[in-house]
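Trainee: In UniProt numbering, the protein residues as written are 1 to 259.
Cβ coordinates follow ideal geometry from the N, Cα and C atoms, glycine included.
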DNA sequence: ATGGTCGCTGGGCGA
């Protein structure tokens, strides 16, 4: 089973790019971030006619996540538990009913800039809630994954120019420590588990010719529970998408599971 | 080089 994560940076702007990528890459499941659309305006027919079930958790203008799946979805939940006052649409979960059911959590972790400040406090608080959710799911000892735009550069090798990011919310020590605490629960970061080579990125800024200079960062990740990691066959980045017409500033990352 | 470029939206914010 092929599961992908893709921060599309606006469904309206990706109305041709996204279906073309789906037709070529043929993921069974696609976790989308930054749909930047309310649920009612999401063009679900485009995906349904390709055989996908569509579940969205959107809001006006910003953020928004979605799950596309060729397999049935059960127990869809929207929003990250732990703060009833959080109105930002950044999290969705569902169980993919393949031969082995897998709980998938699609997330758009807060950017957190400028740091320090209230936006950074929100990011760290959100990561604490994500930690709690991971602990709850781990206790069930079933296959699950948390994937999406983490807005975290895990290590210096995950940035072309790490010196540019030292004070940034994506790479500050508190950000990296919170991400490391997640991993230390026993989750496997799929790309690092399957690729030894550094210099692989998932985001290139639109500004200052970042793509042409390969000035990228790796911030889109798959974290797998032990039972899910046992099924991991491969993890790759569809880097070439960034060089095509009307690209998102992120590219898809995908895993292949023996499930 | 304190800029640069996108997307959503309809002015300015977010990234």
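Determine the direct distance from the alpha carbon of residue 100 to that of residue 190, and round the result to whole angstroms.
Mentor: So the two alpha carbons sit approximately 19 Å from each other.
Trainee: Tell me which residue opens and which closes the alpha helix (DSSP H) that residue 236 is part of.
Mentor: Premise fails: residue 236 lies in the beta strand (DSSP E), 232–237, not in any alpha helix (DSSP H).
Trainee: Of all the options 202, 251 and 118, which has the alpha carbon lying nearest to the alpha carbon of residue 169?
Mentor: Of 202, 251 and 118, the residue nearest in Cα terms is 118.
Trainee: If residue 31 sits next to residue 148, beta carbons under 8 Å apart, how far is it from one beta carbon to the other, in whole angstroms?
Mentor: So it is a contact: roughly 6 Å between Cβ atoms.
Trainee: Are residue 78 and residue 67 closer than 8 Å when you measure CB to CB?
Mentor: No, the Cβ-Cβ distance between residue 78 and residue 67 is not below 8 Å.
Trainee: Could you give the residue range of the beta strand (DSSP E) that holds residue 4?
Mentor: Run containing residue 4: 2–7, per the beta strand (DSSP E) assignment.
Trainee: With H, G and I counted as helix, E and B as strand and the rest as coil, what does DSSP make of residue 107?
Mentor: Strand.
Trainee: How is residue 59 classed by DSSP in three states: helix, strand or coil?
Mentor: Here residue 59 sits in coil by DSSP.
Trainee: Which one or two residues does DSSP pair with residue 91 in a beta bridge?
Mentor: Per DSSP, 107.
Trainee: Please classify residue 58: is it buried, with 16 or more other beta-carbons within 10 angstroms of its beta-carbon, or exposed?
Mentor: Under this definition residue 58 is a buried residue.
Trainee: Classify residue 28: buried if its beta carbon has 16 or more other beta carbons within 10 angstroms, exposed otherwise.
Mentor: The residue in question, residue 28, is buried, as its Cβ has 16 or more Cβ neighbours within 10 Å.
Trainee: Determine contact between the region 209–222 and the region 125–132, defined as no fewer than three beta-carbon pairs at a distance below 8 Å.
Mentor: Verdict: no, contact absent.
Trainee: With contact counted as at least three CB pairs below 8 Å, one residue from each stretch, are the region 227–244 and the region 161–176 in contact?
Mentor: Contact between the region 227–244 and the region 161–176 is absent, because fewer than three Cβ pairs lie under 8 Å.
Trainee: Is residue 204 helix, strand or coil by DSSP?
Mentor: Looking at residue 204 - three-state DSSP - the assignment turns out to be strand.
Trainee: Indicate the three-state DSSP secondary structure (helix, strand or coil) for residue 33 in the structure shown.
Mentor: The answer is strand: DSSP assigns residue 33 an E or B state.
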